[in-house]
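**Q**
Residue numbers (mature numbering (1 follows the signal peptide of the UniProt record, and there is no 0)): -23 to -1, 1 to 308.
In structure tokens, the structure reads:
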């Protein structure tokens, strides 16, 4: 039996120009380690005979389990649950069912551009050297369709196929403990958390824990996070943010409304009540860096200027940590 979970997000999502209109749908990084959690980015390079792509469907192969897709502003997200053929261990708990297909729907990716669709999941029960194929279908408007669903037989070069399914080659198992460290970085916990230890003060405001995350290949926007505490007796508002390495920086909120998760731009800013602490974090309030001049890279810093209604302006530097969705688009 299959069940469907739906999420809808509002807002436009920038894309990057792609010259080769005949390229196949592929993964930005075509390898994944056995018995480890990976983040894979599907590259969709063009539409259907000139028509814009409005839906992307990805079937997950047996052995790619516990999948979590990354939501995309402007697209609805549909996760189809189903039974696994085998039983998998999830930290001591046997699991026999989970996501088997992911669909990004009702979006708009023009034929002249390309974009990435990101999934986090674990390769389990598949030996190193084997290949996992992810049959993918693009739908365009009401009558266009491109299917990348041909799975190469054992020993057959996928490049010899006309419409090969995007595939991952499984690599040898990571050293013990490495996967747990990667998961900690993705969750933003403990020593793997890239958040700055610096404390920035502006009047009654105290800003701590600033950080951002490295951008995945093809990812057009980046997120920004920090915590601000208002030690005064007067409410304030984070009115805007700017950065020399981004065309614009928008203030956003992502929140559940019933069973629907929505992202919206906060044109009136983010309220910082007197005596309260407000956290900008993945999956909640956050900054979104648009039209960046270069992708954020782990180990670097992203400068940003925050403007508050009463406290004024302050410069902030966001350390760049490892790239990892936290169940939401890197925002």
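We put the CB at the ideal spot given by N, CA and C, even for glycine. Computed from a predicted structure; not experimentally measured.
(1) From the DSSP secondary-structure annotation, give me the bridge partner or partners of residue 41.
(2) Whole angstroms are fine: how far does the CA of residue 184 sit from the CA of residue 174?
(3) For residue 122, which residues of its own chain have a beta-carbon under 8 Å away from its beta-carbon, when the five flanking residues on both sides are left out?
(4) What's the gap between the Cα of residue 277 and the Cα of residue 293?
(5) Quick check on residue 136: does DSSP put it in helix, strand or coil?
(6) Go to residue 6, then tell me how far its beta strand (DSSP E) extends in each direction, as first and last residue.
(7) Is it a yes or a no for the stretch 23 to 43 touching the stretch 81 to 90, going by three-plus beta-carbon pairs under 8 Å?
(8) Can you tell which of 33, 16, 52 has its C-alpha closest to the C-alpha of residue 43?
(9) At which residue ranges does the stretch 12 to 86 contain complete beta strand (DSSP E) runs of 3 or more residues, listed in the order of the chain?
(10) Are the beta-carbon atoms of residue 142 and residue 104 separated by less than 7 Å?
(11) When DSSP labels each residue in this structure, what does residue 251 get in the three-state scheme?
(12) Excluding the 5 residues flanking residue 138 on each side, which residues of the same chain have their C-beta closer than 7 Å to its C-beta?
(13) Please report how far the alpha carbon of residue 218 lies from the alpha carbon of residue 102, in whole angstroms.
(14) If we ignore side chains and look at the alpha-carbon of each, how far apart do residue 201 and residue 266 end up?
(15) Mapping DSSP to helix, strand and coil, what is residue 220?
(16) Are the C-beta atoms of residue 29 and some chain B residue less than 7 Å apart?
(17) By Cβ distance below 7 Å, which residues in the same chain neighbour residue 135 in space, the five residues on each side in sequence not counted?
(18) In terms of residues, what are the limits of the beta strand (DSSP E) holding residue 296?
(19) Could you have a look at residue 280 and say whether DSSP puts it in helix, strand or coil?
(20) With burial defined as no fewer than 16 other Cβ atoms inside 10 Å of the residue's Cβ, what is the status of residue 298: buried or exposed?
(21) Please tell me whether residue 288 and residue 182 are closer than 7 Å, where the distance is taken between their beta carbons.
(22) Cutting at 7 Å between CB atoms, please list the residues of its own chain near residue 207, excluding the five before and the five after it.
(23) What's the gap between the Cα of residue 228 and the Cα of residue 34?
(24) Quick one: give me the first and last residue of the beta strand (DSSP E) that residue 115 is part of.
(25) On the premise that residue 93 lies in contact with residue 2, defined as a C-beta separation below 8 Å, what is that separation, rounded to the nearest angstrom?
(26) Give me, in chain order, the residues of the same chain whose beta-carbon lies closer than 6 Å to that of residue 258; leave out the 5 immediate sequence neighbours on both sides.
(27) For the putative contact between residue 230 and residue 261, defined by C-beta atoms under 8 Å, what is the C-beta separation to the nearest angstrom?
(28) Mind checking whether residue 8 and residue 148 have CB atoms under 7 Å apart?
**A** Checking against the coordinates, here is how it stands:
(1) 100
(2) 10 Å
(3) 25, 114, 115, 116
(4) 14 Å
(5) helix
(6) No beta strand (DSSP E) holds residue 6; DSSP gives it neither H nor E.
(7) yes
(8) 16
(9) 13 to 21, 32 to 36, 41 to 46, 53 to 67, 70 to 82
(10) no
(11) coil
(12) 127, 129
(13) 46 Å
(14) 7 Å
(15) coil
(16) No chain B appears in this structure, which consists of one protein chain only.
(17) 129, 141, 144
(18) 289 to 298
(19) strand
(20) buried
(21) yes
(22) 181, 182, 213, 249, 250, 251, 252, 253
(23) 30 Å
(24) 113 to 117
(25) At roughly 10 Å, the Cβ-Cβ gap does not stay under 8 Å, so residue 2 and residue 93 are not in contact.
(26) 202
(27) 7 Å
(28) yes
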